[in-house]
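Residue numbers (our numbering): 3 to 194. Reading through the structure tokens given below for one structure.
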């Protein structure tokens, strides 16, 4: 873990604000994130036929599961980087609906941090959906940035964990986009 990562963490995590204390936990809530992306994906129906939309939606769901599994079950165990609240002192940590200031690290096991799955999953979905409907980028990109920021603010990830998740999500989104485009082209040519 680099000093830059730690210093950036403290800069973001210690920038306290009662409004952010109430808003940013929402952006880390998996249910809120899922509902947001499902609703946004329906906007693709404006641009695509139901058949094409269904294929894009299925690729998005499959990619989400690949992202989440790869991040949580492969990358995190490989890198073995601990979360801020168990590795450094003076962390504002959000747990069970409340913030607490941890003057010393918590003694918890199996709290791996790199990359952030929240950041990876949200950037995957944001990039993947925006590749098909670029106008959605105006909504999707700020959303995945807020998800990543919330993870640092809540004391559960370092900035480089979030950046790593975003990069992983972008790469995976590009790969899934290319495969999905091939399937859409195949279906289009098969229909002739």
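Just so it is clear, CB atoms sit at the ideal spot from N, CA and C, and this is done for glycine as well. Computed from a predicted structure; not experimentally measured.
Opposite residue i in the DSSP bridges: which residues?
{"i": "residue 84", "result": "114"}
{"i": "residue 95", "result": "102"}
Exposed or buried, what is residue i when buried is set at 16 or more other beta-carbons lying within 10 Å of its beta-carbon?
{"i": "residue 109", "result": "exposed"}
{"i": "residue 154", "result": "buried"}
{"i": "residue 103", "result": "exposed"}
{"i": "residue 79", "result": "exposed"}
{"i": "residue 162", "result": "buried"}
{"i": "residue 4", "result": "exposed"}
{"i": "residue 98", "result": "exposed"}
{"i": "residue 182", "result": "buried"}
Since residue i and residue j are thought to touch, with beta carbons under 8 Å apart, how far apart are those beta carbons, to the nearest angstrom?
{"i": "residue 117", "j": "residue 166", "result": "4 Å"}
{"i": "residue 47", "j": "residue 55", "result": "5 Å"}
{"i": "residue 23", "j": "residue 101", "result": "6 Å"}
{"i": "residue 14", "j": "residue 90", "result": "Incorrect: roughly 13 Å between the Cβ atoms, too far for contact."}
So, at 7 Å on beta carbons, what are the nonlocal neighbours of residue i in its own chain, with the 5 sequence-adjacent residues on each side left out?
{"i": "residue 29", "result": "148, 149 and 152"}
{"i": "residue 179", "result": "130 and 133"}
{"i": "residue 66", "result": "123, 126 and 127"}
Using C-beta distances below 6 Å, list every residue in its chain close to residue i, excluding the 5 sequence neighbours before and after it, in chain order.
{"i": "residue 146", "result": "124, 125 and 128"}
{"i": "residue 135", "result": "46 and 49"}
Mind the definition here: the region 114 to 133 touches the region 37 to 44 only if three or more C-beta pairs lie below 8 Å; say whether that holds.
yes
Can you find at least 3 beta carbon pairs, one from the region 92 to 111 and one from the region 154 to 163, that sit closer than 8 Å?
Using a C-beta cut-off of 8 Å, the region 92 to 111 makes contact with the region 154 to 163, since at least three inter-stretch Cβ pairs fall below that distance.
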